[in-house]
Amino acid sequence: MIELVLFVAVGLGLLVLLFLVMRRPPTAAEGAAGALVAAKRSLQVLQDGLLPTHLIERIFGTQDLEYVSSLKSKSLQDLFLRERKWLALAWVRQLRTQILSLKDFHTRQSRMFAGMSRATELSVALDFAGIQMECRLLQLLVQWRGPYASPRLVRQTATTATGLCAVLDKSLGFLTPSLAGGPQDDSSAGTTTL
Amino acid sequence: MIARDKRGDVLAAADEFRRRTLSHTTGPLDRLIYLASMRDYNTGLYYHQGLAARFSNEAACEALADCHREAFEELLSSPLADLVEQLETYMISTRTDPADFIQAWQGLEPYRVAVPVGTGSLSVEFLFSNLKIALAILEHQQARRPVPVSAA
């Protein structure tokens, strides 16, 4: 009788264990794959949506400002500056968000970057810190003095971000084929390594 | 191999569409609105009977999507002064009263549904913002234009 109770107890214990195992969150490998794809997407948003030179020049360039100024209307100038300021802030905000997402991935999944040399690793860490600082500073300047406050800082931030993207893209290049097919994939195809 | 043939069809269809149809449009804004009007709102697919008959439904759809993206990129890179000019040309082509046109575009913002799928959010916001400014400039220019005096 005691043996039967023991068998039933062990059986129930195993069932509970099985239930707990089934309810466990995704394994580290599944999580890492998801994080890899998310990082690759962040890179694509940066390279195709935020860092193309022509878009930065259109937002922060003064060509349109000169045209609006020539119309000699205070209300039009105010509207133009308000709209451009909003866009400039949106650019900085989105850039910072994507960079933070990449930094988060880089620190949590550092084993993916095993092929990176110490010097590159250090340069990437410095770039992450630098861009975050530049974004904060740019945000304050645009908020305070408008979108044309510091074209040099805009250029510098974009250049650092582009360089950082190139280094990370090289490390995540093996993921490119699985993400191909999007409308904007063609433009980034030249910069990725297979 | 099949994929390459398919892409070849799409390129040929897009090329034909550019030569036969888009060459008659006045600018990227006109093209963007025209191409958006060929897209089914419910499915997001583009339809063109002639092009589909000559190639295939799929090739025609992809070719029109390519042309749509092209028009969007072109419009995005237009300086504000050009955009104002394009908007005025488009307004004249619709034969609508300028005041009514400006009021409808400012109120309904019809350009919001003319954006190709998969476009970056910042590019879209940039175009909307530029169109908003262009409409204000056009309104300002219309208000300053002398009212024609009818002959007594």
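Which chain is which? The protein sequence lines are L and F, in order.
Numbering-wise, our numbering puts 34 at position 34 of the first sequence, and it's gapless, one number per residue.
Numbering-wise, our numbering puts 1057 at position 57 of the second sequence, and it's gapless, one number per residue.
Virtual Cβ for every residue (Gly too), placed ideally from N, Cα, C.
(request) Please determine, among Thr97(L), Gln143(L) and Asp169(L), the residue with the shortest C-alpha to C-alpha distance to Ile131(L). (result) By 1-based counting over the first sequence, the position of residue 131(L) is 131. Just measuring C-alpha positions, the residue of Thr97(L), Gln143(L) and Asp169(L) sitting nearest Ile131(L) is Thr97(L).
(message) Given this structure, state the Cα-to-Cα distance separating Arg1019(F) from Ala1060(F), to the nearest angstrom.
(response) As a position in the second sequence, residue 1019(F) is number 19, starting the count at 1. As a position in the second sequence, residue 1060(F) is number 60, starting the count at 1. Arg1019(F) and Ala1060(F): Cα-Cα distance of roughly 14 angstroms.
(request) Give me the Cα-Cα distance between Arg93(L) and Ala1071(F), rounded to the nearest whole angstrom. (result) As a working mapping, residue 93(L) is identified with position 93 in the first sequence. As a working mapping, residue 1071(F) is identified with position 71 in the second sequence. Roughly 27 angstroms between the two C-alpha positions.
(request) Would you kindly work out how many angstroms separate the C-alpha atoms of Leu6(L) and Arg23(L), rounded to a whole number? (result) Within the first sequence, numbered from 1, the residue matching residue 6(L) stands at position 6. Within the first sequence, numbered from 1, the residue matching residue 23(L) stands at position 23. Their backbone Cα atoms lie some 26 angstroms apart in a straight line.
(message) If distances are taken between C-alpha atoms only, which option among Glu1073(F), Asp1040(F), His1048(F) and Glu1139(F) comes closest to Ala1014(F)?
(response) Translated into positions along the second sequence, residue 1014(F) becomes position 14. Selected option, being the one with the closest Cα: His1048(F).
(request) Pull up the DSSP beta-bridge partners for Arg1039(F), would you. (result) Here the question's residue 1039(F) lines up with position 39 in the second sequence. BP columns for Arg1039(F) point to Tyr1046(F).
(message) Just to confirm before moving on: does the CB-CB distance between Leu65(L) and Ala1136(F) stay below 8 angstroms?
(response) As a working mapping, residue 65(L) is identified with position 65 in the first sequence. As a working mapping, residue 1136(F) is identified with position 136 in the second sequence. Contact flag unset, no.
(message) Nearest by alpha-carbon distance to Leu1075(F): which of Phe1101(F), Leu1127(F) and Gln1103(F) is it?
(response) Within the second sequence, the letter at position 75 stands for residue 1075(F). Nearest C-alpha to Leu1075(F): Leu1127(F).
(message) Once the 5 residues before and after Glu1062(F) are set aside, which same chain residues still bring their CB inside 6 angstroms of it?
(response) Position 62 of the second sequence, counted from the start, is the residue given in the question as residue 1062(F). Answer for Glu1062(F): Val1010, listed in chain order.
(message) Distance check for Ala119(L) and Tyr1111(F), CA to CA, integer angstroms please.
(response) Residue 1111(F) sits at position 111 when you count from the first residue of the second sequence. Residue 119(L) sits at position 119 when you count from the first residue of the first sequence. Near 49 angstroms, if we compare the C-alpha coordinates of Ala119(L) and Tyr1111(F).
(message) Just to make sure I have the definition right: I need the residues of chain F whose C-beta is within less than 9 angstroms of the C-beta of Glu83(L). Which are they?
(response) Here residue 83(L) is taken as the residue at index 83 of the first sequence, counted from 1. The answer, in chain order, is Ser1129, Asn1130, Lys1132 and Ile1133.
(message) Assuming contact is defined by CB atoms lying nearer than 8 angstroms, are Cys165(L) and Leu46(L) in contact in what I supplied?
(response) For this step, residue 165(L) is matched to residue 165 along the first sequence. For this step, residue 46(L) is matched to residue 46 along the first sequence. Leu46(L) sits close to Cys165(L), with the two beta carbons spaced by under 8 angstroms.
(message) Please list, in chain order, the residues of the region 127-140 of chain L that have any C-beta partner in chain F closer than 8 angstroms.
(response) none
(message) So with CB distances below 8 angstroms, who are the chain F contacts of Val68(L)?
(response) Within the first sequence, residue 68(L) is the residue found at index 68, counting from 1. What Val68(L) touches in chain F: Leu1080, Ile1133 and Ile1137.
(request) Answer with buried or exposed for Leu12(L), where buried requires no fewer than 16 other C-beta atoms within 10 angstroms of its C-beta. (result) Taking the first sequence and counting its residues from 1, one reaches residue 12(L) at position 12. The residue in question, Leu12(L), is exposed, as its Cβ has fewer than 16 Cβ neighbours within 10 Å.
(request) Would you decide whether Val8(L) is buried or exposed? Buried here means 16 or more other CB atoms lie within 10 Å of its CB. (result) Here residue 8(L) is taken as the residue at index 8 of the first sequence, counted from 1. Exposed, since its Cβ has fewer than 16 Cβ neighbours within 10 Å.
(request) Take Leu172(L) as the anchor and find which of Phe19(L), Gln44(L) and Leu137(L) has the nearest alpha-carbon. (result) Numbered from 1 along the first sequence, position 172 holds the residue referred to as residue 172(L). When each option's Cα is compared against that of Leu172(L), the closest is Gln44(L).
(request) Determine the closest residue to Thr1026(F) out of Ser1077(F), Thr1043(F), Glu1085(F) and Val1117(F), with distance taken between C-alpha atoms. (result) Your numbering for residue 1026(F) matches position 26 in the second sequence. Taking only the C-alpha atoms, the option nearest Thr1026(F) is Glu1085(F).
(request) Spell out whether any CB of chain F is found under 8 angstroms from the CB atom of Leu76(L). (result) By 1-based counting over the first sequence, the position of residue 76(L) is 76. With 8 angstroms as the cut-off, Leu76(L) counts as an interface residue toward chain F.
(request) Excluding the 5 residues preceding and the 5 following Gly1044(F) in the sequence, name in chain order all residues of the same chain whose CB lies nearer than 8 angstroms to its CB. (result) Here residue 1044(F) refers to the residue found at position 44 when the second sequence is read from its first residue. Answer for Gly1044(F): Val1117, listed in chain order.
(message) Can you confirm whether the region 138-158 of chain L touches the region 80-87 of chain L when touching is taken to mean that 3 or more C-beta pairs between the two stretches lie within less than 8 angstroms?
(response) yes
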